[in-house]
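S.K.: First, the structure itself, so that you have it in front of you.
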Amino acid sequence: MKQTPDVTLNFQHIFHQFEHCVDLVHRTFPEIHTDILYFPNLISKIAFSSMILEPFANIQLQEVDELFKQSQFVEVFHSKEAVVGVLEGKAAIFNQGKVFLIDIYGPKDRNIEQSGTETVITGPHDSFGESVSTNLSLIRRRLKSSHLKVIEYSVGEVTKSKIYILYIDGLANMNFVKELEHRIKIIEIDAVNEGGVLAQLIEDKPNSIFPQYLRTERPDSAVSKLVDGRIIMLVENSPTAISAPSSFFEFFSSPDDYYQRWTLGTALRLLRFLALLITITFTALYVSVTTYHYEMIPESLLMTLVESRNRVPFPPVYEALLMETMIELLREAGARLPTKIAQTIGIVGGIVIGQAAVQAGLTSNVLIIAVASSAIASFVIPSYVMSASLRLMRFGLIIMAGIWGNLGLIMGVALIIIHISGLTSLGAPYLIPVAPMKGTDWKDIFIRAPFSQLKNRPYQTKSPNQVRQKIRK
Amino acid sequence: MSRLLAAIIMMCMLTGCGTEQRILEDLGMIQTASYDLEENNKLRVTINMPVSATDSTIKKMLLTAVTDSSKEARLLFSNQTELTVVSGQVRNTLFGLDLAKAGIHRHVDTLLRDTSMSLGVKVTIINGKAGELLSKNYKQHSETGQYINRMLEKRGSGNGIMPSSLYQFTRDYHDDGIDPIAPIVKDTGEDAEMDGIALFQDDRYMMKIPAKKALIFTLFKRNLKQGEIIIHLENKKNPKDIVMLSNIMSKRKVKVHHLANNRFKVDISASIRGSVLEYTGNKDLVKKEQRHKIEEEISQYISSQGEQMIKDMQKNKVDSLGIGQYVRNSLSYAEWKSLNWRNVYPQVEVNCHAKVLIKNYGKYS
Chain L
16 MKQTPDVTLN FQHIFHQFEH CVDLVHRTFP EIHTDILYFP NLISKIAFSS MILEPFANIQ
76 LQEVDELFKQ SQFVEVFHSK EAVVGVLEGK AAIFNQGKVF LIDIYGPKDR NIEQSGTETV
136 ITGPHDSFGE SVSTNLSLIR RRLKSSHLKV IEYSVGEVTK SKIYILYIDG LANMNFVKEL
196 EHRIKIIEID AVNEGGVLAQ LIEDKPNSIF PQYLRTERPD SAVSKLVDGR IIMLVENSPT
256 AISAPSSFFE FFSSPDDYYQ RWTLGTALRL LRFLALLITI TFTALYVSVT TYHYEMIPES
316 LLMTLVESRN RVPFPPVYEA LLMETMIELL REAGARLPTK IAQTIGIVGG IVIGQAAVQA
376 GLTSNVLIIA VASSAIASFV IPSYVMSASL RLMRFGLIIM AGIWGNLGLI MGVALIIIHI
436 SGLTSLGAPY LIPVAPMKGT DWKDIFIRAP FSQLKNRPYQ TKSPNQVRQK IRK
Chain F
206 MSRLLAAIIM MCMLTGCGTE QRILEDLGMI QTASYDLEEN NKLRVTINMP VSATDSTIKK
266 MLLTAVTDSS KEARLLFSNQ TELTVVSGQV RNTLFGLDLA KAGIHRHVDT LLRDTSMSLG
326 VKVTIINGKA GELLSKNYKQ HSETGQYINR MLEKRGSGNG IMPSSLYQFT RDYHDDGIDP
386 IAPIVKDTGE DAEMDGIALF QDDRYMMKIP AKKALIFTLF KRNLKQGEII IHLENKKNPK
446 DIVMLSNIMS KRKVKVHHLA NNRFKVDISA SIRGSVLEYT GNKDLVKKEQ RHKIEEEISQ
506 YISSQGEQMI KDMQKNKVDS LGIGQYVRNS LSYAEWKSLN WRNVYPQVEV NCHAKVLIKN
566 YGKYS
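The structure is reproduced here in structure tokens:
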């Protein structure tokens, strides 16, 4: 279809759009009456010289038309297209009233590095980076299938960030894909800088304390989610991939579970659920037992506890909140500071404050143990987002335990369970396979059964192709 | 949102269900309580509470009150100390022999009513004054209350004296056809000692099984997983032959035979397996026939001792072995109801059959 040329499609108009952009470069080739506009910081120097400089320098005027017929030169018919093209790292070429774009995008990227937040002991160590093309390549090179479909969207009125929706045709349920597309389409926001922002924009219940989409930095993990029939979202300039739909229990599994033998994987899974229990209830239990339920303390522990509590001037609930806040301060300080200073913080906080607080009689040493073990337990949980949510919840439970004792603790836990049973992730139940009950999925949730047992894809994905494998034994 | 609001409001209302704060270090937690009978039917209650002093040494606090009831005593204790006296950590209750003879159910019942009291709290009889024993400091041992408690708790000794809990005591008290029992402890000056098993008729102390024979009593009362006993064989040639059976495992069986005129004959059999750790006689344990001979002698000894014990019990009209339960189980409800077991029991013909098997007899012999 021949398009009618845009009247504003001329060099002057487009150049005017980029007024006061000192980083824009305008080059002229007077012999062939050609102007070029591009951002040198967005392009690859090598591509620029091989695709533009060399051909343009060695060309005669009459051969120019022939040159622009080559496929890398894409003619545009609207000035807006040209502007967007330049912004995306293409070079705009103006020649005798015609405008061409040539893609020479190639800014400096971070190398593929190890993941900072999700490390494994065995298995691949590469992780997503900021470059979305690298991220896509990390997935493509693991998933050699033409069924891997990629849909592109642009979100952010100002930033125009690209979002890619990845799914495997035939494995992913198209209802989820459609729902996701719908949710992304209706986003109207000025900027989406990170996967975490996108995840919040498309959540079912944004006010919930629980993350409703699993985020990962690991391409191997993203690929396994795709193969499960889930959908992966990648955001430009963000190393975070979002997987949807997600279940609560997914946050407690790590790729390591699958890379090691199943007995060990199972033990690790169970350990993490134990960590979940410890991290949300241990300090609260200390508070409720020392405030209300002295009957529960075993005889041999009784005097130790009384002694350690004896010099503490505060009721247990304030004592616990004080120490928990301290731990959170330490953690936050450690996260914000440069690595070298963070180590000092660990020593100052862990040893000096911990030891001194007990000696000064501000806290009991049994509480220090409780607080420290629940902090450690929270770091066992592989997903940082989930572990942060659980840590926050702990404060609520401590307060409830301080007011109502074990009754409050139980009510708090009940409230949490009630809340998460009602949550959905992209419309799919969040607490699946426990509520609604799906017993066959339990062997890949609470334990990691041997691969011969993992015959079906997770029920949550509602995959059109349920069968994962047909191993005959 | 409204549902969340409703939940929060409901939780606030539930504060009424919460008990008052009982912060650990402000509590005086009774560890052992002892009860003695005083003149004019008064009750002397002595309690001990471990208390942590600020210089982090553990002391005990000993309080005594003479009152009409045990709960009244607790009120008096509260007036004597800055700590809130609570009973949720009671491990052991000691009853003086005088009180035990008068009946202890009234006091046990009070203890059971207290919801913070565990059903596992032990009931122990003190041969003498319980309060005096609890007030004593045994130099070689840890704090007295804890010392008595741990002594009763250790199961390794296998002397057949099992601790009796509030639950077991009241269950046996209320149940038909069985009478409760409790261990007896006495003061021997430097130490306290397990003196035997106290047998009750309903809630009144009637007789005692001495510690030496406690294991034989237990062999006929229940199945045993561990035990040790020294047996003096009545041998004509050498009256001082001693066999020590240890690692005893036994199974008890009771059979009830109905005789004419509402009379019963009961066979209690215990099959006992144990290893010989000590034998001072001149028989060769390696030889099968001689070993069987010893087994036979031990069996006879245990059976005759058991029968003697049961005769004593029948004389005192205490059915601590629970023979009545087996008789009851062999009767219809109406038949049992029409039977006055307390009166029938002394006439029951009880036979004890012990069958001993020596599992092994040491490394060399």
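Quick mapping for you: the protein sequence lines, in order, are chains L and F. To convert a position in the first sequence, counted from 1, into the numbering used here, add 15. To convert a position in the second sequence, counted from 1, into the numbering used here, add 205. We put the beta carbon where it would ideally sit given N, CA and C, even for glycine.
What are the start and end residues of the beta strand (DSSP E) that includes L/Glu90?
M.R.: Segment Val89 to Val91, the beta strand (DSSP E) holding L/Glu90.
S.K.: Could you give the uninterrupted runs of the beta strand (DSSP E) lying entirely in the region 449 to 496 of chain F, keeping only those of 3 residues or more?
M.R.: Fully enclosed beta strand (DSSP E) runs of 3 or longer: 468 to 484.
S.K.: Taking three-plus beta-carbon pairs below 8 Å as touching, is the region 291 to 298 of chain L in contact with the region 247 to 261 of chain L?
M.R.: No, they do not touch.
S.K.: F/Pro415 to F/Lys264, Cα distance in whole Å?
M.R.: Distance between the alpha carbons of F/Pro415 and F/Lys264 is about 34 Å.
S.K.: Given a cut-off of 8 Å, decide if L/Asn110 and L/Leu8 are closer than it, judged by their beta-carbon atoms.
M.R.: Within the shown structure, residues of chain L are numbered from 16 to 488, placing residue 8 of chain L beyond reach of any answer.
S.K.: For the beta strand (DSSP E) that contains F/Val250, what are its first and last residues?
M.R.: F/Val250 -> beta strand (DSSP E) spans Leu248 to Ser257.
S.K.: When you check each C-beta in the region 241 to 254 of chain L against every C-beta of chain F, which residues fall closer than 8 Å?
M.R.: Within the region 241 to 254 of chain L, no residue qualifies.
S.K.: Just list the residues that DSSP pairs L/Gln129 with in beta bridges.
M.R.: L/Gln129 pairs with L/Asp141.
S.K.: Using a cut-off of 9 Å between C-beta atoms, extract the partners of F/Leu371 located in chain L.
M.R.: Within chain L, no residue comes near F/Leu371; the closest Cβ sits about 14 Å away, beyond 9 Å.
S.K.: Please compile the residues from chain F whose C-beta is within a distance smaller than 8 Å of the C-beta of L/Leu317.
M.R.: The contacting residues are Met234, Pro255 and Gln294.
S.K.: Quick one: what does DSSP say L/Ala450 is sitting in, helix, strand or coil?
M.R.: DSSP places L/Ala450 in coil when its eight states are reduced to three.
S.K.: Just to check my reading of the structure: F/Lys458 and F/Ser480 have Cβ atoms closer than 8 Å, yes? What is that Cβ distance to the nearest angstrom?
M.R.: The pair is not a contact, with the Cβ atoms about 22 Å apart (cut-off 8 Å).
S.K.: Taking the beta strand (DSSP E) that F/Leu232 belongs to, which residues open and close that run?
M.R.: Looking at the DSSP string, the run of the beta strand (DSSP E) that includes F/Leu232 is Leu232 to Met234.
S.K.: Which value, in whole angstroms, describes the spacing of the CA atoms of L/Gly349 and L/Ala357?
M.R.: Taking the straight line from one Cα to the other gives about 5 Å.
S.K.: Using the C-alpha atoms, what's the distance from L/Phe266 back to L/Leu158?
M.R.: Rounded to whole angstroms, L/Leu158 to L/Phe266 spans 23 Å at the Cα level.
S.K.: Flag L/Asn380 as yes if its beta-carbon sits less than 8 Å from any beta-carbon of chain F, otherwise no.
M.R.: Output row for L/Asn380: interface = no.
S.K.: To the nearest angstrom, how far is the alpha carbon of L/Glu96 from that of L/Gly131?
M.R.: Roughly 38 Å separates the two Cα atoms.
S.K.: Could you tell me which residues DSSP pairs with L/Pro444 in its beta bridges?
M.R.: Partner(s): L/Thr439.
S.K.: Quick check: the region 228 to 236 of chain L against the region 165 to 178 of chain L, are at least 3 beta-carbon pairs closer than 8 Å?
M.R.: Contact between the region 165 to 178 of chain L and the region 228 to 236 of chain L is absent, because fewer than three Cβ pairs lie under 8 Å.
S.K.: Would a check of beta-carbon distances place F/Ser321 closer than 8 Å to chain L?
M.R.: Chain L, which has a Cβ nearer than 8 Å to the Cβ of F/Ser321, makes this yes.
S.K.: Grab me the residues of L/Met16's own chain with a C-beta within less than 7 Å of its C-beta, minus the 5 sequence neighbours each way, in chain order.
M.R.: Residue confidence for L/Met16 is low, a pLDDT of 45 falling below 50, so the modelled location carries little weight; the figure read from the coordinates is stated next. Same-chain partners within the cutoff: there are none.
S.K.: Assign L/Ser269 to one of three DSSP states: helix, strand, or coil.
M.R.: Three-state result, L/Ser269: coil.
S.K.: Counting only beta-carbon atoms, is F/Leu219 nearer than 8 Å to chain L?
M.R.: Yes, F/Leu219 counts as interfacial toward chain L.
S.K.: Using Cβ-Cβ distances below 7 Å, what residues of the region 292 to 319 of chain L are close to chain F?
M.R.: Hits within the stretch, in order: Thr305, Thr306, Tyr307, Tyr309, Glu310, Glu314, Leu317 and Met318.
S.K.: Please report whether the beta-carbon of L/Pro328 lies at a distance below 8 Å from any beta-carbon of chain F.
M.R.: Not an interface residue.
S.K.: May I ask which residues mark the beginning and end of the beta strand (DSSP E) holding L/Arg256?
M.R.: Arg is not the amino acid found at residue 256 of chain L; the sequence shown has Ala there. Ala256 to Ala259 is the span of the beta strand (DSSP E), which, as asked, contains L/Ala256.
S.K.: Do L/Gln85 and L/Ser262 have their C-beta atoms within less than 8 Å of each other?
M.R.: No, Cβ-Cβ distance for L/Gln85 and L/Ser262 is not below 8 Å.
S.K.: Closer than 7 Å by beta-carbon distance: list the chain L residues that pair up with F/Ala416, in chain order.
M.R.: In chain order: nothing, as chain L lies at least about 25 Å away.
S.K.: With a threshold of 8 Å between beta-carbons, can F/Met216 be considered close to chain L, or not?
M.R.: F/Met216 counts as touching chain L.
S.K.: Can you find the residues in the same chain that come closer than 7 Å, C-beta to C-beta, to L/Ala385, ignoring five residues on each side of it along the sequence?
M.R.: Correct list, in chain order: Phe297, Thr298 and Tyr301.
S.K.: Buried or exposed: L/Pro331, going by 16 or more other Cβ atoms within 10 Å of its Cβ?
M.R.: So L/Pro331 counts as buried.
S.K.: Residues of chain L with CB closer than 9 Å to the CB of F/Val291, please, in chain order.
M.R.: Chain L residues near F/Val291: Tyr309 and Glu310.
S.K.: Going by DSSP, what residue range makes up the beta strand (DSSP E) through L/Phe329?
M.R.: No beta strand (DSSP E) holds L/Phe329; DSSP gives it neither H nor E.
S.K.: Starting from the Cα of F/Glu500, find the closest Cα among F/Val461, F/Trp541, F/Lys344 and F/Leu438 and give me that residue.
M.R.: F/Glu500 has its Cα closest to that of F/Leu438, out of F/Val461, F/Trp541, F/Lys344 and F/Leu438.
S.K.: Within 10 angstroms of the Cβ of F/Ser567, are there 16 or more other Cβ atoms? Answer buried if so, exposed if not.
M.R.: Correcting the residue identity first, residue 567 of chain F is Gly in this sequence and not Ser. Classification for F/Gly567: exposed.
S.K.: For the putative contact between F/Asn297 and F/Ile353, defined by C-beta atoms under 8 Å, what is the C-beta separation to the nearest angstrom?
M.R.: With a Cβ gap of about 6 Å, F/Asn297 and F/Ile353 count as contacting.
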